[in-house]
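Below you'll find the structure, written out as structure tokens, and then a few comments.
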């Protein structure tokens, strides 16, 4: 495994020619696709509700965006969960029964959809919930989920806040915290020769946290952050904010946001700050193959974006397309796939579908045992009495004590003349979350 180098040194690089996958998303239906649901599990602290037992059927709920500013990320995340559950059930299910699934919409922070969806999932006795994609959405519902004794497992939350969250041991994620993506992006900016940088970041836990890490890395690397604007993503326009950046004439502009980035880009171009004159950089929340297609050809040419996730094999992509033939993006599909597999393996290891029991086994099945790469391979080892170490499509995972992956990979993408970054990263950088 290649480690991220200290600031000021070159990061180790893996040349890449295959697909990488992104970080904040949703999509899918609001209708339940369920067999028999199971009951909610106990939380792992004295403040939790009275402990309850699982009913023998593992029920996985999804809380992923089919609407809102991250809806473009939804289809691959739903597809990842769907593919995992399909393979799990083909391998005999969990605890001798098919895994049940209930899909819901997470929306975004402008609505109350996520809270309503969580109520639905808890009422239908979900044992574990995959989602949300948005860190801010997860923040709004994590207490409700974990307080009910249910595992919350996000494939895309990257806010550093979740590392120290009081989640009763029930919150996990396959996406790495922002401090790794921030280090990679900051080092990339400095390595590209930009000594003056402006940061344009949405004002929420995701945007602010990522901007803080980028700013630190850029500064430690010898460059200067000449302007930083933390903006309201619901603003009608961003002319005043862009004017502040223009006055500093930075060599590089970092755009940290979601769907509203398209409005920011239009204003940057309008005020004479195109990507052809100032290097633009984006992140997983706005690096999209669909959001900028209506812009003039070449608007984003040369723009680089960072997305958590290792290269995904073509065979995995083909399987995803069998689940959803209309997929145009594979962002966070591996992380979603691995989340569902890990939940199922933890339930098998615990011999229980209760949330607290699943949570207690998630770290154990992710590291330290005999390596395996599919649910069937891993569950066969478990049934033979072996300790397992699931290595997923998104990476080795290996949960630390905070429920974060200890090691992760960030892909670096570059936009072409068609305003798409395509399906291939120009390189991958892998390192320990701790630094």
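In mature numbering (1 follows the signal peptide of the UniProt record, and there is no 0), the protein residues as written are -23 to -1, 1 to 412. Glycine included, each C-beta is placed from N, C-alpha and C at the ideal position.
Where residue i falls: helix, strand or coil (DSSP)
i, result
"residue 307", "coil"
"residue 52", "helix"
"residue 409", "strand"
"residue 177", "strand"
"residue 38", "strand"
"residue 293", "helix"
"residue 219", "helix"
"residue 183", "helix"
"residue 315", "helix"
"residue 260", "coil"
"residue 387", "strand"
"residue 195", "helix"
"residue 166", "helix"
"residue 299", "helix"
"residue 230", "strand"
"residue 404", "strand"
"residue 280", "coil"
"residue 395", "coil"
"residue 14", "At residue 14 the pLDDT is 29, less than 50, meaning the model places this residue with poor confidence and gives no usable figure here."
"residue 159", "helix"
"residue 325", "helix"
Check whether residue i and residue j have beta carbons under 8 Å apart
i, j, result
"residue 315", "residue 371", "yes"
"residue 91", "residue 83", "yes"
"residue 365", "residue 346", "yes"
"residue 157", "residue 258", "no"
"residue 71", "residue 65", "yes"
"residue 173", "residue 200", "yes"
"residue 196", "residue 202", "yes"
"residue 222", "residue 175", "yes"
"residue 325", "residue 356", "yes"
"residue 56", "residue 300", "yes"
"residue 396", "residue 270", "yes"
"residue 266", "residue 235", "no"
"residue 100", "residue 132", "no"
"residue 256", "residue 295", "no"
"residue 67", "residue 110", "no"
"residue 388", "residue 150", "no"
"residue 336", "residue 146", "yes"
"residue 327", "residue 402", "no"
"residue 122", "residue 177", "no"
"residue 231", "residue 218", "no"
"residue 81", "residue 63", "no"
In DSSP terms, what residue i is bridged to
i, result
"residue 129", "106 and 148"
"residue 376", "382"
"residue 349", "367"
"residue 77", "36"
"residue 285", "387"
"residue 335", "Residue 335 pairs with nothing; no bridge assigned."
"residue 201", "173"
"residue 206", "177"
"residue 82", "41"
"residue 119", "None, per the DSSP bridge assignment."
"residue 71", "74"
C-beta neighbour in chain B for residue i, strict 8 Å
i, result
"residue 246", "This model lacks chain B altogether; it includes just one protein chain."
Spatial distance of residue i from residue j (CA atoms)
i, j, result
"residue 198", "residue 188", "15 Å"
"residue 138", "residue 119", "12 Å"
"residue 37", "residue 73", "16 Å"
"residue 164", "residue 340", "31 Å"
"residue 253", "residue 279", "8 Å"
"residue 69", "residue 330", "15 Å"
"residue 41", "residue 59", "12 Å"
"residue 209", "residue 112", "16 Å"
"residue 383", "residue 367", "14 Å"
"residue 298", "residue 338", "31 Å"
"residue 391", "residue 274", "15 Å"
"residue 52", "residue 204", "36 Å"
"residue 32", "residue 75", "13 Å"
"residue 95", "residue 86", "14 Å"
"residue 408", "residue 191", "16 Å"
"residue 251", "residue 398", "17 Å"
"residue 322", "residue 61", "11 Å"
"residue 313", "residue 169", "32 Å"
"residue 148", "residue 369", "19 Å"
"residue 7", "residue 39", "At residue 7, the pLDDT of 36 sits below 50, so the modelled position is not reliable; the number obtained from the coordinates is stated separately. When rounded, the distance between both Cα atoms is 10 Å."
Check: residue i C-beta below 7 Å from any heavy atom of the ligand SAH
i, result
"residue 345", "Annotation note on the ligand SAH: not contained in the displayed structure, which lists no ligands."
For the region 103 to 113 against the region 126 to 134, do three or more pairs of beta-carbon atoms, one drawn from each stretch, fall closer than 8 Å, so that the two count as touching?
yes
Okay, do the region 307 to 324 and the region 282 to 289 touch, 3+ Cβ pairs below 8 Å being the bar?
yes
Stretch-stretch touch, CB-based, cutoff 8 Å, three pairs: the region 177 to 187 with the region 135 to 149:
Look at the beta carbons and you see the region 177 to 187 touching the region 135 to 149: at least three pairs across the two are nearer than 8 Å.
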